[in-house]
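Chemist:
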Amino acid sequence: MVPLSLLDLCPIPEGGTAALALEQTRDLARHAERLGYHRFWLAEHHNMPGIASAATAVVVGHVAVATSTIRVGSGGVMLPNHAPLVIAEQFGTLEALFPGRIDLGLGRAPGTDQQTARALRRGNANAADTFPQDVMELQAYFGAAGPGQPVRAVPGAGLAVPIWLLGSSLFSAQLAAALGLPFAFASHFAPDALYDALEAYRGRFRPSATLPKPYAMAALGVFAADSDAEARRLFTSQQQAFVRLRRGAPTPLPPPVDTMEGRWNMMEEAIVSQVFREAVVGSVATVRAGLARFLERTRVDELLVTASIFDHGARRRSFELAMEASRGL
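Per this note's numbering, the very first residue in the sequence shown carries number 674; after that it's consecutive.
Following this line, the structure appears as structure tokens:
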């Protein structure tokens, strides 16, 4: 069985609050642990009225303290927004508190719009250009501190927190291969380079002290319900949210609708279909067939499923059915 993990965007539902979203995320993590999910990851986004996980390390701790066995981490922390030492201290602290359960996934995008990125980086507009050097600096902070080393991560030094590189292009795939790190591809919203990135990662991989052979994971939108029709209805919340984001007017996650007719134009519909073309939407049988096809095409070592669903009960049920559909694959 290919391990199944969960990426949660901590969605704020329309009419709800960030506090509600954070409580629901904690409840979902407990549910995922009981269902047998391998990891529970959270993603860094800023200035998004529908996402409550901006302070990602804090939310990772919020989830980790409420669970006991599932791995918890970032999918990911946007490293150009932060000094590597700060991330080493944050995730070193998490590893000290929850030993053997913390993952650190790193991305090189800002996770927000350009104006907010400038506010985060305070004038360091070209931070993404130093991403490879920043990753290696972060790795060094998690290694054993050497004699006379002037700057150390405390906690962090010697804890060897597992680092993943995340991406939606060839850049991070090639860097992960060069550094001998595990790689996760964001096919849940940017599928275009999926196959080329996986091929580049596997073909150029150099074994490292922590990873002897390539290990690839892909994120995939999975919207499951008791019927195909109900799953398609649940999916409309994500579709509406993306259309609003494209229009430059992001909102909290809207409730589902019976039809998207009149809620997008032809171009927007085409863009949404392209962006979410890998999404698997349907009943258990439909999802099982979709997951099997995706695994056959990609041969990934692990699946990271995600779904922004308005109703929390339906969200819990979707991930329950996704796990049921994945058994034996």
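Glycine included, every Cβ here is placed at the ideal spot set by N, Cα and C.
My assumption, with CB atoms under 8 Å, is that L715 sits in contact with T729. Please give the rounded CB distance.
Modeler: Here residue 715 corresponds to residue number 42 of the sequence shown, with the count starting at 1. Here residue 729 corresponds to residue number 56 of the sequence shown, with the count starting at 1. Going by Cβ atoms, the distance from L715 to T729 rounds to 6 Å, so yes, they are a contact pair.
Chemist: Apart from the five residues just before and just after A866, which ones in its own chain have a Cβ nearer than 7 Å to its Cβ?
Modeler: Position 193 of the sequence shown, counted from the start, is the residue given in the question as residue 866. So the list reads S841, S842 and L843, once near-sequence residues are dropped.
Chemist: Throw me the rounded Cβ distance for the A982 and F915 pair, which I believe falls under 8 Å.
Modeler: Position 309 of the sequence shown, counted from the start, is the residue given in the question as residue 982. Position 242 of the sequence shown, counted from the start, is the residue given in the question as residue 915. Before going on, a small fix: residue 982 reads as Ile here, not Ala. Incorrect: roughly 14 Å between the Cβ atoms, too far for contact.
Chemist: Is it buried or exposed, N754, if we count other Cβ atoms within 10 angstroms and call 16 or more buried?
Modeler: As a first step, residue 754 is located in the sequence shown; it is residue number 81 there, counting from the start. It is buried - the Cβ of N754 has at least 16 other Cβ atoms within 10 Å.
Chemist: Please determine, among V732, G709 and E706, the residue with the shortest C-alpha to C-alpha distance to E717.
Modeler: Your numbering for residue 717 matches position 44 in the sequence shown. Residue V732 is the option with its Cα nearest to E717.
Chemist: Once DSSP output is grouped into helix, strand and coil, what is the label at P828?
Modeler: Position 155 of the sequence shown, counting from 1, holds the residue named residue 828. If DSSP states are grouped into helix, strand and coil, P828 belongs with coil.
Chemist: CB P828 to CB T924, shorter than 8 Å?
Modeler: On the sequence shown, residue 828 is found 155 positions in, with the first residue counted as 1. On the sequence shown, residue 924 is found 251 positions in, with the first residue counted as 1. Cβ atoms of P828 and T924: not closer than 8 Å.
Chemist: Should T932 go down as buried or exposed, given a rule of 16 or more other Cβ atoms within 10 Å for buried?
Modeler: Within the sequence shown, numbered from 1, the residue matching residue 932 stands at position 259. T932 should be labelled exposed.
Chemist: Assuming V954 contacts A904 under a Cβ cut-off of 8 Å, what Cβ separation, rounded to an integer in Å, is found between them?
Modeler: For the purposes of this step, residue 954 is taken as residue 281 along the sequence shown, with counting starting at 1. For the purposes of this step, residue 904 is taken as residue 231 along the sequence shown, with counting starting at 1. That pair is a contact at about 5 Å.
Chemist: Counting along the chain, where does the alpha helix (DSSP H) carrying M939 start and finish?
Modeler: In the sequence shown, counting from the first residue as 1, residue 939 sits at position 266. First-last of the alpha helix (DSSP H) with M939: M939 to V948.
Chemist: Would you report the Cα separation of S881 and M809, rounded to the nearest angstrom?
Modeler: Taking the first residue of the sequence shown as 1, we reach residue 881 at position 208. Taking the first residue of the sequence shown as 1, we reach residue 809 at position 136. Rounded to the nearest angstrom, the two C-alpha atoms are 13 Å apart.
Chemist: Name the residue from S910, L976 and E969 whose alpha carbon lies nearest to the alpha carbon of D984.
Modeler: Counted from its first residue, the sequence shown places residue 984 at position 311. Minimum Cα distance to D984 is reached at S910.
Chemist: Which partner residues of E975 appear in the DSSP bridge assignment?
Modeler: Here residue 975 refers to the residue found at position 302 of the sequence shown. Partner(s): M890.
Chemist: Nearest CA to the CA of T959: which residue from S946, A756, S900 and P757?
Modeler: As a working mapping, residue 959 is identified with position 286 in the sequence shown. When each option's Cα is compared against that of T959, the closest is S900.
Chemist: Any idea what DSSP makes of D807, helix, strand or coil?
Modeler: If you number the sequence shown from 1, residue 807 lands on position 134. D807 falls in the helix class under three-state DSSP.
Chemist: By alpha-carbon positions, which one of Y874, L977, Q822 and F804 ends up nearest to M890?
Modeler: The residue given as residue 890 occupies position 217 in the sequence shown. Checked all of Y874, L977, Q822 and F804; the closest Cα to M890 is L977.
Chemist: Quick one: grab the DSSP three-state call for P885.
Modeler: Along the sequence shown, one-based indexing puts residue 885 at 212. Looking at P885 - three-state DSSP - the assignment turns out to be coil, as it is neither helix nor strand.
Chemist: In the structure shown, what three-state DSSP assignment does L907 receive?
Modeler: Taking the first residue of the sequence shown as position 1, residue 907 is located at position 234. In this structure, L907 counts as helix in the three-state DSSP scheme.
Chemist: Roughly how many whole angstroms lie between the Cα atoms of L770 and V834?
Modeler: Counted from its first residue, the sequence shown places residue 770 at position 97. Counted from its first residue, the sequence shown places residue 834 at position 161. Computed Cα separation, rounded: 12 Å.
Chemist: Let me know the secondary structure DSSP gives S732 once reduced to three states.
Modeler: By 1-based counting over the sequence shown, the position of residue 732 is 59. Looking at the sequence shown, residue 732 is not Ser but Val. The answer is helix: DSSP assigns V732 an H, G or I state.
Chemist: Taking only the alpha-carbon atoms, compute the straight-line gap between R966 and L701 and give it to the nearest angstrom.
Modeler: Counted from its first residue, the sequence shown places residue 966 at position 293. Counted from its first residue, the sequence shown places residue 701 at position 28. If I take the Cα positions, the gap works out to 27 Å.
Chemist: Confirm the yes/no value for this check: CB of L770, any heavy atom of the ligand PLP, distance under 7 Å.
Modeler: What this structure holds is no ligand at all, so the ligand PLP is not there to describe.
Chemist: Using three-state DSSP, classify R744 as helix, strand or coil.
Modeler: The sequence position of residue 744 within the sequence shown is 71, counting from 1. Of the three classes helix, strand and coil, the one that applies to R744 here is strand, per DSSP.
Chemist: Indicate the three-state DSSP secondary structure (helix, strand or coil) for D802 in the structure shown.
Modeler: Here residue 802 refers to the residue found at position 129 when the sequence shown is read from its first residue. Three-state result, D802: helix.
Chemist: Can you grab the Cα-Cα spacing for the pair E969 / P684, in whole Å?
Modeler: By 1-based counting over the sequence shown, the position of residue 969 is 296. By 1-based counting over the sequence shown, the position of residue 684 is 11. The straight-line gap from Cα to Cα measures roughly 30 Å.
Chemist: How many angstroms separate the CA atom of V945 from the CA atom of S956?
Modeler: Walking along the sequence shown from the start, residue 945 turns up at place 272. Walking along the sequence shown from the start, residue 956 turns up at place 283. V945 and S956: Cα-Cα distance of roughly 21 Å.
Chemist: So, for L680: in the same chain, excluding its five sequence neighbours on each side, which residues have a beta-carbon less than 6 Å away from its beta-carbon?
Modeler: Within the sequence shown, residue 680 is the residue found at index 7, counting from 1. So the qualifying residues of the chain are W714, G748, A892, L977 and T979.
Chemist: Whose C-beta lies closer than 7 Å to the C-beta of R1013 among residues of the same chain, with five residues either side of it excluded?
Modeler: Because the chain here runs from 674 to 1002, residue 1013 falls outside it and cannot be looked at.
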